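Chemist: Residue numbers (my numbering): 17 to 191.
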């Protein structure tokens, strides 16, 4: 079986879960992402981690910068370092995906209205078939919008150019 799909795990880093104002539904999100990773690994689907780097908060090599241990990479997983919301911008992500023969990507992680949105849009522009796992990304409440309102709004937007499926409907193995 030719594998043409990869799972991208974006910015699931310790700092997103240890703040006084934690990401919405963080513990359940980690469990769902862990389940998606397990499904991908069971089908030999590449799991690619994207790790954000900042001058404050997610400072490179700090404890907050590390990928959360519940979803941590294993030997052989690719880890891409980024400095902007778009996981493709000034990174080797596209090169890695092309080298693996990837045409379809499944996105999970943080932050719905920043890195998930930017990466999803860019992947679509690059010609990838994109699936955003609708219950495997999250954000924080902002202004007069709750986190769930923001997530629902972006899921509606994603459906205009990407698949938007519940984690229970994601399958990596095909007969």
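Glycine included, C-beta positions come from ideal geometry on N, C-alpha and C. Bear in mind that the values here come from a model prediction, so they are computed numbers and not experimental data.
Could you give the residue range of the beta strand (DSSP E) that holds residue 180?
Modeler: Run containing residue 180: 179 to 181, per the beta strand (DSSP E) assignment.
Chemist: Mind checking who residue 142 pairs with in its DSSP beta bridge?
Modeler: Residue 142 pairs with nothing; no bridge assigned.
Chemist: Would you kindly work out how many angstroms separate the C-alpha atoms of residue 150 and residue 182, rounded to a whole number?
Modeler: Approximately 5 Å between the Cα atoms of the pair.
Chemist: Measuring alpha carbon to alpha carbon, tell me which residue in 53, 19, 178, 126 is nearest residue 86.
Modeler: 53
Chemist: Check whether the segment 151 to 158 and the segment 26 to 39 are in contact - that is, three or more C-beta pairs closer than 8 Å.
Modeler: A contact exists between the segment 151 to 158 and the segment 26 to 39.
Chemist: Is it the case that the segment 70 to 77 contacts the segment 116 to 125, given that we only count it when at least three CB pairs across the two stretches are under 8 Å?
Modeler: With the cut-off at 8 Å, the segment 116 to 125 and the segment 70 to 77 do not touch.
Chemist: Is the distance from the Cβ of residue 23 to the Cβ of residue 167 below 9 Å?
Modeler: Against a cut-off of 9 Å, the Cβ pair of residue 167 and residue 23 comes out as no contact.
Chemist: Which class does residue 170 belong to by DSSP, given the choice of helix, strand or coil?
Modeler: helix
Chemist: Just confirm the distance between the C-beta atoms of residue 148 and residue 123, as a whole number of angstroms; I'd bet it's less than 8 Å.
Modeler: 5 Å
Chemist: Distance check for residue 101 and residue 130, CA to CA, integer angstroms please.
Modeler: 6 Å
Chemist: Run through DSSP, which three-state label would residue 105 get?
Modeler: coil
Chemist: Could you check if residue 192 is buried or exposed, using at least 16 other CB atoms within 10 Å of its CB as the buried criterion?
Modeler: The question about residue 192 has no answer here: the residues shown for the chain are numbered 17 through 191.
Chemist: Could you tell me the distance, in whole angstroms, from the CA atom of residue 109 to the CA atom of residue 161?
Modeler: 32 Å
Chemist: Buried or exposed: which applies to residue 174, given that a residue is buried once 16 or more other Cβ atoms fall within 10 Å of its Cβ?
Modeler: Answer is buried; the Cβ neighbour count reaches 16.
Chemist: Identify which residue in 25, 92, 136, 134 has its Cα closest to the Cα of residue 46.
Modeler: 25
Chemist: With a threshold of 8 Å on Cβ separation, who are the neighbours of residue 89 within its own chain once the five nearest residues in sequence on each side are excluded?
Modeler: For residue 89, where only same-chain residues beyond five positions count, the Cβ hits under 8 Å are 63, 65, 83, 95.
Chemist: For residue 39, does the three-state DSSP call read helix, strand or coil?
Modeler: coil
Chemist: If you follow the beta strand (DSSP E) that residue 25 is in, where does it begin and where does it stop?
Modeler: For residue 25, the uninterrupted beta strand (DSSP E) segment begins and ends at 21 to 26.
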